[in-house]
Structure formats: C-alpha cells, structure tokens
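Peer 1: First the structure, then my questions, so here it is.
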C-alpha cells in the first residue's frame, strides 16, 4: 500500500471524522480515514436493510449542520440536497390533534383553536428564541477556552465570551441563563398552557438525554429548533435527499476531492504511542500505519479507554473519562410499509404526512415514559418522533410503498435483566402497539421492521451504551467540560493525538462542528 | 419633617430580626412588625399535647453567620445551647442493617465499612471535597451577588479565583467545584459510592425542601448549600437548640431589643405605602399608617410584591418575573407525642439522638418524588425524624417522648383536591406507617399527632405554597437570579424598599445570612444618602 507517511490519520469515518478529514485535506495535508464498517457515515448512514427500501438507520433528520461547513466544503456540489420537513403533528388522546405548519399563519390559526393565549405567546416566544439562538451561535463555532488557565489566549477568549454575553442586555442574558438551567416543562409553563404544545416542544429538549421534561437542564435544547432557521440554509428540521447517509457521502466525496484517502472495513485496534506522542495506529489486522498526528472521531470512552493503554494517560484524566456520563436512552424502529399509515386524528393522505408526527400528548406522558426508564425498563408508552422519508423523497421506497422512521424514547441501555432477543422484540412491540393507537392500520401494512435498542447501537455503530451524542449533553458535560476539563479544546493529554467526535464541544446531532473545530485546531498546531 | 422610624421591618422571622438588630446597631431607629403573636417565624416550639413540646415547623438549624453568633453572644452573654448529637444520623433498613454517620470522619468511615469497603476508603476524600466546595460557596454567600451587567467580567472571575485562593483551592479543584454545581446529587454520589443506603442518606441533603428528586440537575448544589459553614468534616449535621428552636427565636428577639429595636407582635402589615415610587411606610390591618424612611420586607418576594405592594407601582415585566418565581412546597411536618421510645429493629437507643433518616436508596427518594410530580403524597415518603426529648427531657413528661418528622414529598399542589383535615390525616398515616416498618411499636405508642401540611405552613407561617426556603433553591433562582434576575442585591424597583428574607441570596435555612447581607447593603445606602 501507500508507502508515504500520512500527515494525519482519522479514526472513524462518522460525519465528524469525515469533516475533519476534509478540512485537513483541503489544507493540503495527506489524510487517511479508517472506518470499521463497510460504509462511511457512522450513525449517519442510509442502508437498504430490506430490498428496495432505504432506511436512515439511526440519525434521520438534519437540523444543525453548520452552514459554514456546507459552504466551505461545497457540499451541494457533492450531492447534498436538504429538503424541509414541513410540519409537526401531535395526535391527542381525545381524537384531536395539534399541528404546527411551515406556514406561520396556518400555525397561528391552529394554536388559536387550542388556546388564543398560546397563539399570542407563540410569536413572542419565537422572537425571544430567535434572538437567543443568535446569542448562542458563536459558541457553537468556538474552541472552548479553559477558564482555569492563565494563558493569554484563554483569557482573551474568555473575555470575548463574557463581553459577548453582556452585550445581550439584561433581558436576553437572564432569559438565556434561565434557559440553560431550567427544565423545559418549567420554562414553557411560563409561556404556554396547551399541554400538547408544551410536551411536543419539550420533547426536542429530551431527545438523546436520560432526562425527562421536568429535569432541569433540558430547556436550552429548545433553542436548537430555532438554530436552523437563523442560518437560512434550511428550515428548522431538514431531511437529506437519499437519507441521512447522503450527508456523509457528500462530506466523504468532498474529502476525497481534496485528496483524502478513505478506507472502509479497516478497524483500528490501538493508537501507537512513542515517547508520549501519537505516531500512528495499529490495525485489528496487525498492520501498522504511521502518521504525524492521529485524531479520533469515536466517542471519548472508546477512544481513551479502548484505543490507548491506561498508563499512557494521567490517572486523573482516566478517572474523568470513566465518569463521563454516556447512558443511552433511545431506540429506533424502521419500518417498510406496503401503504401509507392512516392517522386516526387526520385520516387519509395529506401534507401532515410530509412532516413529523410526534407522540407527545402531554408533559405527564413524557414524564411517565421517563419514569419507566429511570428504574431500568423501556417505556411502556414511549415518546416517538416519526417521519415518513418516502413522502419527501420517493426514491427511498418502491413506488407506492413507504419507509417510516420512528425515534423512540426511552429505552435504557442498562435494562433490568439485560437486553436479549426477546426483550428486543418486546420493545419493538411496545412501539408498534402504542403507535397503532394513533395509526389504526399500521399493523396491517408493515412489510419489515428493524428494531434498534441502545445495545444494538453500541454493537453495530460503536456508540458506547447506545448514546447517540457520544456522551450526555448535561450541563456539566458541555463546553469547556466536554469531555473533560481542561481537554475540551480537541487536544488530549497525548501529544499529536486529537479528538474530533460528538463527545467534544459542541457535540450532538449532525452538525459537523466538532470535526471542523478539531481540524482547525490541528492545522493551527501543524 | 422627619419620620418616626428610619426603618420598618415587615415580618419578624430570624432574618428580619437579624437585619433589625444590625440596623439598630448602626444607629437607625427600627420598628419590627410581626403578624403573629410571637416572633421567629417558622422557629417555633409548641405544646402539641399537654406536657409535650416540639419544634412544630423547622426542627433543625443551619450554620448561623459567625458575626450573628457573635452578636448573640455579646448581647445576651450566653448563646442558645446548641445540641450537637453524635452520631448525627441513624439510617435504618428494613432488613435490620443500618448506617451511622458520626461527627468524626474516621469514625464514620469505620461505620460505612460495614456496608462497603470501597465507600469507606472514599469517605475521607469525599468529605474533603465537600468541605472545600462548601467553603468556596461560603465565600460567595458572604457577598452581595454582583450585577452581571455592570461589574467588569474579568472582575467576576477574579472574585471566584480570589475566593478559591482564600480557601486554598487549586485551579483544578475550582473547576471540579464548578462541575459539581450543575450536577444531580445522584450523579455526584454515584461517582463516589456504591452503597445504596449511603447514597440515599447523603442524597437527602440535595432534595430536602425541594420539589425535585435526586436525579434533577442542581441537587448536588443543594447538598453543598447544606454544608456551608458547618463543622468541618461532619456531613449531614443537624444542629438543634436545647429547649427547642423557640429559644433561638427569643434570643433573636432579645438581641434586637438590646440593640434598640422596637418589636410589635399582632401587627399584620397589609400594605406598603408608596409615594412617587418610594416606600414611605406601612399600613396595618387596623388601618394605622406608620411612616418610615425605608421599609424592609422579610416576607417572601411573592407576598411582598404581589400582596403588599400595589401592582401599579411596579413594571409589568417585574410583576411577571415575580409571578414566575417557583415555590411549590414539597415537605410537611408530622409531630408525635409518644408514650415511650420507639423500638427500632436495628441499632440501639443510643443511636437515636441525632436524625433518624428513612432513605434506603436514591431510587427510594426518586420514587417518592415521582408521586409528588403527579400531585400525590409519596406512598413511601422520605422521613427525617428527630426525637429531641432524648437529649432534652424537659420537652416531654418523664419517660415519654416527642418526635418531630419532616415528611417529603407532600406537594402543595395536590391533584384534584386541596389540603384538608382528611389529607392531613392521610399524610400522618403515611409517615407513621412508613416509620413503623422500621420501628414496629410506633403505632401503639402514639398519644397525639400534630400535622403541618404545606398548606398549613402557608397559612400559619406565611410561607407561600409552603416553600420553606421562600422560593425554590433551583439553579435558575440562585445568586444573581434570586429572587429575580437583576434584583438580587436586596434592593427592589421601589426606592427605599428592601428585601431581607430567605427569598434573597443566599437563600433558605436558618443561617441569618440573607438578613445579615441585607443589613450591610442598607447601611451602605443610608451612609450614601
């Protein structure tokens, strides 16, 4: 194989690893990406698990992909095509529904139907969130400073940050602090009275976390919904034509275009460390590949406790990584359907099937779903976020047929008695049974069902404990504490070894921000 | 021209009396007005059955501000006798095992070793961390919260660093404290320990008085809050006052009087008089108006601004902020007169002098919270029981005892109906039934029961929604956010109207710290004017 030494090896061809590779290659570096599976993308993949039907197996919507990445890597030229998800419909137990549409006036009329007060407040709330999203945006594109450091760089960065926040003025600053510390239920209680509205908005705050809507620290994710809008690239939630895998494909194509080499079915066993510096990787096959620097796109636990000998790391750091919380809480069910599902509350086909269907009738419903998980059971009546990608992109399924993606919460990784085949199927049944209450024809039209528990996600996608964010997005695991202070700036205690996965700031979702910031940090060092 | 008083204090709780005494000491003419027939707010010792006296509401005190202790010493020549029990906590399990926490960390470690060797090994380091972290908090508690928008940002950080250095904390230790502040108490304890009983028993300090379970972010902070100023090395200390907390109320009263404060009881204030945006005095229920240069409210923020002040005198945004303060009382009191000592199936009577804690695990606490979350009284509540007559025989007839039980969770907002006698009696049953699982003779020895639901705490002591902290101690209602963002410096949007109660920084507990800090700010303003 290629004799020349690489400038950089990227471990893991997930979307962040690919973004990092693309940026490094773009700067003229000789880059090699090593991916364990037969395809790149990590949790952002499209696979034809059942003939003719394409599943976005894990990650299924795109909301936070950084516009600067789309621009700088020219992803549109590499086939990225984001289509908006038009609406969110929440079926209610009384047979009614609550919908929010792309059209502002239509949403307003709909909210007015449930509560005139909420219809008024919704606009006010949107305005505030819009401003706060602006306030937070620069943070997502910033390497976290180390507040305990006295280095001029860190101090400068810290000062910039504090001045930025104080520039917001008191009302927005305090709203932001409340948003960062409150539970989404409490925060929304200050604004709205319609249960289903509060619940559906809260649901976005608990996705991927092991928290309920009444848990403090869940409010700030409400901002995410507004983040996409301010970027102007697409609406709040988007769907990639060809499934989520096409996002990864586009980034991979961009990386290759810049000269990066990508190897699949290439599993890394460990990082080679010589004299305290990363010098390359040893493959499962026994091969060794050398490079000047190595960067890991896999989660912090696998990276530091799996690929590195513990005695190469300071014990304090190992302890910090061990206690880094990474509990998985969600599952996924993908369905191949013979026909369209029929919503009891909105029978027939209609624009609502081009958007999301959210099973989140009330805060109490979500909270009870969470209660099950707290004590080690999957939710008997889970929260579900459902999309039918074939309604937006007909190529996802044979003509007239459909695929349905069901994100399910809560499903704890640590299930009482452990996950096994029987529990796996029980979980799938709980999802279908609950959903059938809202979609009476569902059971009759299922051609194939794929069930992913947190345990499956760990085994198949390398997500430790099935955590979709590479580590919980709780307050003490954010920003300069992600994954552990003072190693939040993409460096690690080992020289020439970096981290670029979702377990670093800002983490979570298909944003690519970690990969980009890591690459820029590496390039600065080089 | 000049008004008869320099300051009127509305409400003579311990914080109000602290502020009153310190203002009088600074030369102000101070009048303290109390709605009830006695001062001290929730610090009250009551005869619940002939010959049986018990701390009806608040039954243990926090670490009083050292200067206030000094004031009490100086003025009275003798401070109230603080009962410091050892062991501080006895936490039984149904299976007969139990945990003891002692004042001395080494003794505690030995006791923990019966449950887990590794927990015993970690105990010393844990105590050290908690002590240091609480120390850093104390530095923040001594200060008035900075105004985020006017103070220089770097000043803010240097303040923290200064505090850290004063506490001999390294940079990394300070980061560790910062990390803990936003954690859940369950996460914190899971990092250190494996014993469910130990974690449950420590976890209670993160949730007492909170409408939160141990799996809620911010509860780790609450654990630290409860250790600010406490004796180094002692975790979950529960100090009591010999003779009952009422003795402490009297001491605060005597201190205030000795400084020259005029105290009137049975004098409920119905309105704070405001002219041209300035507080000018108060109006009493009997219609009397008393003028003063400034008014200081020891009532909680909601009562102060929504009941005592005309809303037209406040900006709508401020009113909304006050309306949004979360109260949601979570605990109740059940007090028992007992014919004899309860017989616990584990441990021995010598262990009962401190707190008896029914907290077998974090899950137990969380499940108790789950019930409350949906508006129910916990089926199996967390209990913090004290038998003060063991160390203080004057509280009950010879051979008999009183037991004071804090019961959590008892939500102020019950689903469906409101608190009434039957719900009170249901609450008492839950408490007694639960405790009887550990002390089987309990049901037979109860001579009388006295119940204070969150609703009663509101009615009797003016605690809005029965919240014992004058507002939840959640992250969004602390420091510069307490009671509302932008008004955390004891001043209010109305000139010459101040707050001095637990609804202000640094919040609840019998510490006298809010009152102490408020007095300092008011004196500053007086000197300026």
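Protein chains in written order, with the working numbering: chain A, 1 to 526; chain B, 1 to 529. By construction, the Cβ of each residue, glycine as well, lies at the ideal position given by its N, Cα and C atoms. Quick caveat: nothing in here was measured; it's all calculated off a predicted structure.
Identify the residues that DSSP records as bridge partners of residue 331 of chain B: which are they?
Peer 2: Residue 331 of chain B is bridged to B:408.
Peer 1: When you compare the CB positions of residue 506 of chain B and residue 514 of chain B, do they come within less than 8 Å of one another, or not?
Peer 2: Result yes, Cβ atoms of residue 506 of chain B and residue 514 of chain B sit closer than 8 Å.
Peer 1: Can you check whether the CB of residue 377 of chain B is closer than 8 Å to the CB of residue 426 of chain B?
Peer 2: Cβ atoms of residue 426 of chain B and residue 377 of chain B: closer than 8 Å.
Peer 1: Just to check my reading of the structure: residue 217 of chain A and residue 474 of chain A have Cβ atoms closer than 8 Å, yes? What is that Cβ distance to the nearest angstrom?
Peer 2: The pair is a contact, with the Cβ atoms about 6 Å apart (cut-off 8 Å).
Peer 1: Does the separation of the CB atoms of residue 410 of chain B and residue 330 of chain B fall below 8 Å?
Peer 2: Cβ atoms of residue 410 of chain B and residue 330 of chain B: closer than 8 Å.
Peer 1: Taking a cut of 7 Å between CB atoms, which residues from the segment 321 to 340 of chain B lie near chain A?
Peer 2: Taking 7 Å as the Cβ-Cβ cut-off against chain A, the residues of the segment 321 to 340 of chain B that qualify are 324 and 326.
Peer 1: Using a Cβ-Cβ cut-off of 8 Å, state whether residue 168 of chain B counts as contacting chain A.
Peer 2: Chain A contact via Cβ: absent.
Peer 1: Between the C-alpha atoms of residue 259 of chain A and residue 169 of chain B, what's the straight-line distance to the nearest angstrom?
Peer 2: For residue 259 of chain A and residue 169 of chain B, the distance between alpha carbons rounds to 49 Å.
Peer 1: If the cut is a Cβ gap below 8 Å, which residues of chain A does residue 182 of chain B touch?
Peer 2: Near residue 182 of chain B (Cβ distances below 8 Å), the residues of chain A are 181, 217, 474, 475 and 476.
Peer 1: What does the Cβ neighbour count give for residue 172 of chain B, buried or exposed, with the cut at 16 atoms within 10 Å?
Peer 2: Exposed, because fewer than 16 other Cβ atoms sit within 10 Å of the Cβ of residue 172 of chain B.
Peer 1: Taking Cβ-Cβ distances below 7 Å as the criterion, which residues of the segment 340 to 374 of chain A are in contact with chain B?
Peer 2: The segment 340 to 374 of chain A vs chain B, Cβ under 7 Å: 364, 367, 371 and 374.
Peer 1: Distance cutoff 8 Å, beta carbons only. Does residue 519 of chain A sit that close to anything in chain B?
Peer 2: Chain B, which has no Cβ nearer than 8 Å to the Cβ of residue 519 of chain A, makes this no.
Peer 1: On the DSSP bridge list, what partners appear for residue 49 of chain B?
Peer 2: Per DSSP, B:52.
Peer 1: Quick check: residue 297 of chain A and residue 17 of chain A, are their CB atoms within less than 8 Å of each other?
Peer 2: Cβ distance < 8 Å, so residue 297 of chain A and residue 17 of chain A count as in contact.
Peer 1: Spatial neighbours of residue 200 of chain A within its chain, please: C-beta separation below 6 Å, excluding the five flanking residues on both sides.
Peer 2: Closer than 6 Å at the Cβ level, and outside the excluded window around residue 200 of chain A, lie 90, 358 and 360.
Peer 1: Closer than 8 Å, CB to CB, is residue 301 of chain A near chain B or not?
Peer 2: Chain B contact via Cβ: absent.
Peer 1: Interface residues of chain A around residue 171 of chain B at Cβ under 7 Å?
Peer 2: In chain order: 148.
Peer 1: Ignoring anything shorter than 4 residues, give me the alpha helix (DSSP H) runs that lie fully in the segment 6 to 73 of chain A, in order along the chain.
Peer 2: DSSP runs (the alpha helix (DSSP H)) wholly in the segment 6 to 73 of chain A: 15 to 26 and 67 to 72.
Peer 1: Taking just the CA atoms, how far does residue 324 of chain B sit from residue 190 of chain A?
Peer 2: Residue 190 of chain A and residue 324 of chain B: Cα-Cα distance of roughly 7 Å.
Peer 1: Ordered along the chain, which non-local residues of its own chain (more than five positions away) have a Cβ less than 8 Å from that of residue 386 of chain A?
Peer 2: Cβ neighbours of residue 386 of chain A beyond the five flanking positions: 356, 357, 358, 359, 404, 405, 406, 407 and 435.
Peer 1: Between the segment 161 to 187 of chain A and chain B, which residues of the former have a C-beta closer than 7 Å to a C-beta of the latter?
Peer 2: Listed in sequence order: 162, 163, 166, 170, 173, 174, 177, 178, 181, 182 and 186.
Peer 1: Does any residue of chain B bring its CB to less than 8 Å from the CB of residue 325 of chain A?
Peer 2: Yes - at least one Cβ of chain B is within 8 Å of the one on residue 325 of chain A.
Peer 1: For residue 521 of chain A, is the classification buried or exposed, using 16 other Cβ atoms within 10 angstroms of its Cβ as the cut-off for buried?
Peer 2: Residue 521 of chain A comes out buried.
Peer 1: Does the beta carbon of residue 481 of chain A come closer than 8 Å to any beta carbon on chain B?
Peer 2: Yes, residue 481 of chain A counts as interfacial toward chain B.
Peer 1: Contact criterion: CB-CB distance below 8 Å. Does residue 214 of chain A meet it with respect to chain B?
Peer 2: At least one chain B Cβ lies under 8 Å of residue 214 of chain A.
Peer 1: Are the C-beta atoms of residue 485 of chain A and some chain B residue less than 8 Å apart?
Peer 2: Closer than 8 Å to some Cβ of chain B, the Cβ of residue 485 of chain A qualifies, so yes.
Peer 1: State whether the segment 382 to 394 of chain B contacts the segment 351 to 368 of chain B, with contact taken as three or more CB pairs (one from each stretch) at a distance under 8 Å.
Peer 2: Short answer: they touch.
Peer 1: Distance cutoff 8 Å, beta carbons only. Does residue 124 of chain A sit that close to anything in chain B?
Peer 2: So no, residue 124 of chain A is outside the interface.
Peer 1: Out of curiosity, what's the CA-to-CA distance linking residue 137 of chain B and residue 478 of chain B?
Peer 2: Whole-angstrom Cα-Cα distance: 12 Å.
Peer 1: Nearest by alpha-carbon distance to residue 98 of chain A: which of A:288, A:118 and A:79 is it?
Peer 2: The residue with the shortest Cα to Cα distance from residue 98 of chain A is A:118.
Peer 1: What are the boundary residues of the beta strand (DSSP E) that residue 284 of chain A is part of?
Peer 2: Residue 284 of chain A -> no beta strand (DSSP E), and no H or E assigned at all.
Peer 1: Pull up the distance between the alpha-carbon of residue 524 of chain A and that of residue 490 of chain A, whole angstroms please.
Peer 2: The straight-line gap from Cα to Cα measures roughly 12 Å.
Peer 1: So the alpha helix (DSSP H) residue 366 of chain B belongs to, where does it begin and stop?
Peer 2: First-last of the alpha helix (DSSP H) with residue 366 of chain B: 362 to 373.
Peer 1: At least one CB of chain B closer than 8 Å to the CB of residue 414 of chain A: is that the case?
Peer 2: Chain B, which has no Cβ nearer than 8 Å to the Cβ of residue 414 of chain A, makes this no.
Peer 1: Between the beta-carbon of residue 465 of chain A and the beta-carbon of residue 413 of chain A, is there less than 8 Å?
Peer 2: Yes; because the gap between Cβ atoms is below 8 Å, this pair is in contact.
Peer 1: Does residue 1 of chain B come within less than 8 Å of chain A when only Cβ atoms are used?
Peer 2: Interpretation of residue 1 of chain B is limited by its pLDDT of 48, a score under 50 that renders its predicted location unreliable; no figure is taken from the coordinates.
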